[in-house]
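Residue numbers (our numbering): 11 to 100.
Backbone N, C-alpha and C fix where the C-beta goes; we use that ideal spot for every residue, glycine too.
Here the structure comes first, spelled out in structure tokens, and everything after it is commentary.
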Amino acid sequence: MQTLVKNLADNKLAAYFHTDPGTVCQGCHHNSPISKKPPKCANCHGKPFDERNPNAPGMIGAYHQQCMGCHDAMGLKKPEGGCIGCHKEK
């Protein structure tokens, strides 16, 4: 696991989500084998949603399902301000 943590510097998104030592890789990389460099989300979760593969939600659906589902399962408080808590106004 420490080897994986050392490799986070090259990936801003992964570094953002791995600040908590309790984070479990398989929480997001749920259907991929353990590897030094897991596949990108878009490899399985197309943008837009592919109707031929209903078991793999599109990118937006996957993020919402994974992020909000994980937060609910861990009993974490939802961001203040609803959607704006994660989706800052441009």
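Assigned with DSSP and collapsed to three states, residue 52 falls in helix.
Nearest to residue 55 by alpha-carbon distance, out of 47, 49, 85 and 66, is 66. The Cβ atoms of residue 35 and residue 76 do not sit closer than 8 Å to each other. In this structure, the alpha-carbon of residue 81 lies about 23 Å from that of residue 64. Between residue 68 and the set 62, 58 and 89, the nearest pair of CA atoms involves 58. Between residue 51 and residue 83 the beta-carbon gap is near 19 Å, outside 8 Å, which marks them as no contact.
As the crow flies, the alpha-carbon of residue 41 is around 16 Å from that of residue 79.
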